[in-house]
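In numbering that gives the first Met the number 0, the protein residues as written are 0 to 455. Here the structure is laid out as structure tokens; the discussion comes afterwards.
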Amino acid sequence: MNIYLIFVVVLFILAISDLVVGITNDAANFINSAVGSKVAPLKVILSIAGLGVLVGSTFSSGMMEIARSGIFHPGSFAFSEIMLIFIAVMITDVILLDTFNTFGFPTSTTVSIVFELLGASVAIALVKIFETTDTLADLSRYINSAKSLAIISGILLSVVFAFTFGTVVMFVTRLVFTFNYEKYLKYFGGIWGGIAITGIVYFMLVKGAKGASFMTAENVKWIHTHTLEILLASLLIFSLILHLLITVFKVNILKIIVLIGTFSLAMAFAGNDLVNFIGVPLAGYESYREFIANPGAGADTFMMDSLVNPVKTPTPFLLAAGAIMVITLFLSKKARTVSQTEITLARQGEGQERFSSSFVSRSLVRGTVNLSRSINRFLPEKIALFVERRFDSGSFRKKSKQRKEAASFDLLRASVNMFVASMLIATGTSLKLPLSTTYVTFMVAMGTSLADRAWG
0 MNIYLIFVVV LFILAISDLV VGITNDAANF INSAVGSKVA PLKVILSIAG
50 LGVLVGSTFS SGMMEIARSG IFHPGSFAFS EIMLIFIAVM ITDVILLDTF
100 NTFGFPTSTT VSIVFELLGA SVAIALVKIF ETTDTLADLS RYINSAKSLA
150 IISGILLSVV FAFTFGTVVM FVTRLVFTFN YEKYLKYFGG IWGGIAITGI
200 VYFMLVKGAK GASFMTAENV KWIHTHTLEI LLASLLIFSL ILHLLITVFK
250 VNILKIIVLI GTFSLAMAFA GNDLVNFIGV PLAGYESYRE FIANPGAGAD
300 TFMMDSLVNP VKTPTPFLLA AGAIMVITLF LSKKARTVSQ TEITLARQGE
350 GQERFSSSFV SRSLVRGTVN LSRSINRFLP EKIALFVERR FDSGSFRKKS
400 KQRKEAASFD LLRASVNMFV ASMLIATGTS LKLPLSTTYV TFMVAMGTSL
450 ADRAWG
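What follows is the structure, given as structure tokens:
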């Protein structure tokens with residue numbers, strides 16, 4: 000049997016393993032807000048998230064080019080070298096993610112795959128340089144340094160944007176609704192819900208449509224041509240429906256927003272992060288197909304220029320990957336452990352942390368809190384008192400004591416977490432930037448908890 004066919008089989012086996020360990024770690028990203036706010040029973044939350052993952056997996060097709068040519072120049076590597084890079088990356092990724100899962104520590108699957116691809120391709124490039132007359136200055140011929148830098152910069156910038164947007168949106172939202180938000184929902188709930196859901200619709204449908212494997216060019220063109228009409232209609236329809244639910248049926252619409260947000264965030268996750276788990280094996284499969292299509296080619300001389308060309312990933316592949324992730328979502332105990340780590344960090348009250356703090360983290364928290372207090376000192380006294388009253392969390396603490404199982408934070412913060420994170424991740428997907436969903440959702444949660452004065 001051809002050794003490279005065995006490599007392809009091993010890559011697909013590793014892809015299944017990577018899907019399992021990857022979703023175990025990333026599940027925290029899209030279920031934390033729903034679980035932390037106790038919006039519904041866990042099985043209901045997982046069912047909604049699972050549906051979002053399954054649907055979102057079909058939106059990931061356009062992201063697969065990142066694994067094929069985003070980090071290195073495939074035309075500078077032979078088929079045998081490309082297969083070695085892909086095997087090394089997948090083995091490393093499975094071991095690394097499972098280690099983090101075992102300790103209940105959330106990590107970024109995007110950062111992992113980007114740096115694994117970078118490390119493996121640099122290693123092979125250095126071997127090629129030392130075996131030829133090339134010098135280290137020629138490394139740029141092998142590594143797509145501009146794109147690599149753009150990807151890494153995008154990931155780091157997403158941390159800043161996520162924290163900033165999370166803090167600002169939560170501050171404004173809490174200023175309007177307060178912790179005793181129920182009595183304000185009948186006045187502002189409809190429009191807030193309409194904006195939140197319209198934002199989700201915009202970034203999940205309008206921005207995500209281009210990368211979806213099942214969308215035709217005509218469908219995408221129609222959506223982009225009628226973007227404004229879709230947004231206005233969505234805002235009007237959702238605002239009216241939610242207002243009726245509040246005033247006539249006395250429904251807590253924040254629960255609806257959080258559950259819709261759970262679906263959309265899971266959908267955004269699948270669209271953005273699926274490439275981390277199956278992008279490399281699919282690139283290996285395409286490489287093998289190109290190689291066997293040229294019978295006279297040698298594995299050490301057949302250069303992989305073809306990986307530069309965009310390829311539409313078949314929908315069945317994407318759905319199969321989505322199905323594996325959904326099954327894992329329900330069965331993995333490690334996913335609950337990772338999720339609990341993030342929830343305890345963002346909770347409104349005090350409690351036992353899973354990991355002890357370090358000097359750096361304490362200094363960062365202290366500095367941020369002091370900065371927030373310094374800004375408050377510049378506010379006029381009347382405005383400062385008004386803000387202080389709006390941010391009184393006494394009603395939340397009172398409700399928490401009355402519950403058998405207290406929520407870590409309220410539904411208002413959960414809805415903001417979902418709204419902001421969904422928009423940021425879906426934007427990254429539409430721009431084909433592999434944003435770290437872990438970093439984005441985590442920093443949004445940290446930003447909203449800072450705005451809610453939960454940092455102590």
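Note that the Cβ used here is the ideal one computed from N, Cα and C, for glycine as well.
Distance between residue j and residue i (C-alpha atoms, nearest Å)
i           : j           : result
residue 261 : residue 35  : 12 Å
residue 510 : residue 438 : Residue 510 cannot be examined here, being either before or after the span of the chain that is shown, 0 to 455.
residue 334 : residue 137 : 43 Å
residue 359 : residue 284 : 44 Å
residue 378 : residue 370 : 13 Å
residue 307 : residue 417 : 35 Å
residue 114 : residue 290 : 26 Å
residue 344 : residue 300 : 52 Å
residue 86  : residue 277 : 12 Å
residue 411 : residue 134 : 57 Å
residue 32  : residue 267 : 15 Å
residue 447 : residue 195 : 16 Å
residue 319 : residue 311 : 16 Å
residue 132 : residue 142 : 17 Å
residue 391 : residue 187 : 19 Å
residue 340 : residue 5   : 39 Å
residue 74  : residue 151 : 22 Å
residue 219 : residue 204 : 10 Å
residue 167 : residue 421 : 16 Å
residue 226 : residue 176 : 30 Å
residue 128 : residue 158 : 36 Å
residue 408 : residue 347 : 5 Å
residue 399 : residue 405 : 5 Å
residue 252 : residue 185 : 10 Å
residue 12  : residue 321 : 15 Å
residue 42  : residue 454 : 30 Å
residue 144 : residue 94  : 26 Å
residue 216 : residue 386 : 50 Å
residue 376 : residue 384 : 11 Å
residue 72  : residue 236 : 48 Å
residue 250 : residue 30  : 22 Å
residue 373 : residue 361 : 18 Å
residue 323 : residue 28  : 18 Å
residue 245 : residue 342 : 29 Å
residue 315 : residue 309 : 18 Å
residue 423 : residue 269 : 14 Å
Integer-rounded CB distance, given that residue j should sit under 8 Å from residue i
i           : j           : result
residue 200 : residue 233 : 5 Å
residue 14  : residue 338 : So it is not a contact: roughly 24 Å between Cβ atoms.
residue 202 : residue 57  : That pair is no contact at about 16 Å.
residue 179 : residue 46  : Contact doesn't hold; Cβ gap of about 31 Å is too wide.
residue 96  : residue 24  : 6 Å
residue 280 : residue 10  : 4 Å
residue 241 : residue 189 : 5 Å
residue 450 : residue 214 : Contact doesn't hold; Cβ gap of about 37 Å is too wide.
residue 329 : residue 49  : 7 Å
Proximity of residue i and residue j at Cβ, strictly below 8 Å
i           : j           : result
residue 174 : residue 389 : yes
residue 70  : residue 120 : yes
residue 109 : residue 331 : no
residue 55  : residue 292 : no
residue 302 : residue 77  : yes
residue 263 : residue 51  : yes
residue 7   : residue 183 : no
residue 296 : residue 3   : no
residue 415 : residue 172 : yes
residue 413 : residue 88  : no
residue 99  : residue 91  : no
CB contact check: residue i to chain B, cutoff 8 Å
i           : result
residue 334 : In summary, chain B is missing from the structure at hand, where a single protein chain is found.
Taking 8 Å as the cut-off, does the region 271 to 285 touch the region 244 to 260 (at least 3 CB pairs, one atom from each stretch)? In short, these stretches do not touch, since the Cβ pair count stays below three.
Assess contact between the region 360 to 374 and the region 76 to 83, defined as three or more Cβ pairs (one per stretch) separated by less than 8 Å. Is contact present? no
Of all the alpha helix (DSSP H) runs that stay within the bounds of the region 169 to 223, which reach a length of 4 or more residues? DSSP runs (the alpha helix (DSSP H)) wholly in the region 169 to 223: 189 to 200.
Pairing CB atoms from the region 216 to 236 with CB atoms from the region 6 to 22, are three or more of them under 8 Å? no
Taking contact to mean 3 or more Cβ pairs, one atom from each stretch, closer than 8 Å, check whether the region 150 to 164 and the region 442 to 455 are in contact. yes
Could you give the uninterrupted runs of the alpha helix (DSSP H) lying entirely in the region 16 to 49, keeping only those of 4 residues or more? none
Segments of 4+ residues assigned as alpha helix (DSSP H) that fall wholly inside the region 226 to 270: 226 to 246
Taking only runs that begin and end inside the region 359 to 437, name each unbroken beta strand (DSSP E) of 3 or more residues, in chain order. none
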